[in-house]
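Everything below concerns the one structure shown next.
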Amino acid sequence: MSNKTDSNTYTILFAIGMVVVVGALLAFTAASLKPNIAENQRVEKQQNILYAMGVNNNEGGSANFISTANTPDAFQENIKEQLVLTVDANGAIIKTQTREEYFNEAKQEPYLIDIKKQKTNAKNGEPRLLPLFVGEKEGKTYYIAPIYGKGLWDAIWGYVALNDDMVVQGAYFDHKGETPGLGANIKERFFMDDFIGEHLLDDSGVFKGITVAKGNADPKNDNKTDNEVDAIAGATITGDGVTAMIKSDLKLYKPYFDNLKNN
1 MSNKTDSNTY
11 TILFAIGMVV
21 VVGALLAFTA
31 ASLKPNIAEN
41 QRVEKQQNIL
51 YAMGVNNNEG
61 GSANFISTAN
71 TPDAFQENIK
81 EQLVLTVDAN
91 GAIIKTQTRE
101 EYFNEAKQEP
111 YLIDIKKQKT
121 NAKNGEPRLL
131 PLFVGEKEGK
141 TYYIAPIYGK
151 GLWDAIWGYV
161 ALNDDMVVQG
171 AYFDHKGETP
181 GLGANIKERF
191 FMDDFIGEHL
201 LDDSGVFKGI
211 TVAKGNADPK
221 NDNKTDNEVD
231 AIAGATITGD
241 GVTAMIKSDL
251 KLYKPYFDNL
261 KNN
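1 is the number of the first residue of the sequence shown in the UniProt record's numbering; add one for each residue after it.
Laid out in structure tokens, this is it:
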């Protein structure tokens, strides 16, 4: 007779037991890490928003966030208001909520709104949520809006800080998997700084956005009213993605700025 430990029954029971134990350990690990993941996401969003309005640790030509430890206090100090605009399929603002109103309804901070999901809602003809963060620094007011799009390989996103004339005061861009040394350079300071001072509107107040233009006539970016910045060499498709998300996403905020001017 075979030894009990060699029996098929023992083998099956042992395998089931191992699956249960490993599954329980994985579930415990995931549950333990969840608060840390949520905290890291919160800090990252806040750092991105602050960077766009110039609250950062930039030195020389490098782009640097403020420290993780200082981020919550800096966010509270510099971001004076958080708004959530609801727009219909035609882009008309149908509701404006404060941070408190939105949080009480959604149980979520405005900066955690999934911009990709909101763009999908809009494509399906559903209302879309537009977060907007109002910051103040050295006597200036900044309106920071998130943007989201598609690069060459995967998602690209960012935050753009505007004044009440829709002139860019700062920008932060990031990506999931663009080519190092090419499209990945959208998160380098030399590219992001090029947007500072650029106008989203033309002289007549019509929204034009900003085009990342290959071989434009202003390589030093001295002309801030041409609605263009110089492209990154070898990164045409990524640059086109930046152009597209700026034009499609920031245009939706124009009614807010129109109301701001009229009131």
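Just so it is clear, CB atoms sit at the ideal spot from N, CA and C, and this is done for glycine as well.
Quick caveat, the model's predicted, so the values are computed rather than measured.
Which stretch, first to last residue, makes up the beta strand (DSSP E) that contains residue i?
i	result
G135	R128 to K137
G149	K140 to K150
A213	T211 to A213
I232	Per DSSP, I232 belongs to no beta strand (DSSP E) and is neither H nor E.
Q82	I79 to V87
Y256	Premise fails: Y256 lies in the alpha helix (DSSP H), K254 to N262, not in any beta strand (DSSP E).
In whole angstroms, what is the alpha-carbon distance linking residue i and residue j?
i	j	result
E178	D154	7 Å
M1	T11	In this prediction, M1 scores a pLDDT of 46, lower than 50, which makes its location untrustworthy; the coordinate-derived value is nonetheless stated afterwards. Cα to Cα, the separation comes out at about 16 Å.
I246	V20	49 Å
N90	A213	29 Å
L260	L26	51 Å
L129	F14	51 Å
Y256	I79	18 Å
N56	F103	27 Å
M166	Y142	10 Å
N263	L200	21 Å
D230	I115	26 Å
D240	I232	10 Å
R99	A244	28 Å
G54	G23	45 Å
D249	I16	51 Å
L152	T9	53 Å
Y51	T68	13 Å
I113	L132	11 Å
K254	M18	58 Å
H175	E138	30 Å
N216	D164	27 Å
E81	F173	22 Å
K140	V134	10 Å
G205	Q97	26 Å
Nearest CA to the CA of residue i: which residue from the options?
i	options	result
E136	A74, N70 and F173	A74
residue 277	N185, L200, P219 and I93	The first residue shown for the chain is 1 and the last is 263, placing residue 277 beyond what the model contains.
E126	L162, A92, G17 and G158	A92
E59	G17, F173, A217 and E188	E188
residue 289	G23, I49 and M18	Outside the displayed span of the chain (1 to 263) sits residue 289, for which this structure offers no information.
P219	K95, S204, D194 and D203	D194
V180	D203, K140 and T238	Residue 180 is actually Pro in this sequence, not Val. The option with the nearest alpha carbon to P180 is T238.
N221	N124, I196, N70 and Q76	I196
I156	Q97, V242 and E39	V242
Could you tell me if residue i is buried or exposed, where buried requires 16 or more neighbouring beta carbons within 10 angstroms of its beta carbon?
i	result
T225	exposed
I37	exposed
E198	buried
A235	buried
L252	buried
F190	exposed
E101	exposed
D258	exposed
A161	buried
A171	buried
M192	buried
P72	exposed
N227	buried
I144	buried
I94	exposed
Q169	buried
G183	buried
When you compare the CB of residue i with every CB in chain D, is at least one pair closer than 8 Å?
i	result
Y102	Of the protein chains in this structure there is only one, and it is not chain D.
I'd like the span of the alpha helix (DSSP H) that includes residue i, first residue to last.
i	result
Q97	Note, Q97: premise wrong, no alpha helix (DSSP H); beta strand (DSSP E) at I93 to T98.
I115	I115 to K123
D193	R189 to D193
For the segment 144 to 151 and the segment 118 to 133, state whether three or more C-beta atom pairs, one from each stretch, are separated by less than 8 Å. yes
Meets three-Cβ-pair contact criterion under 8 Å: the segment 199 to 217 and the segment 76 to 91: No: fewer than three Cβ pairs fall under 8 Å.
Quick check: the segment 41 to 51 against the segment 102 to 114, are there 3 or more CB pairs under 8 Å? yes
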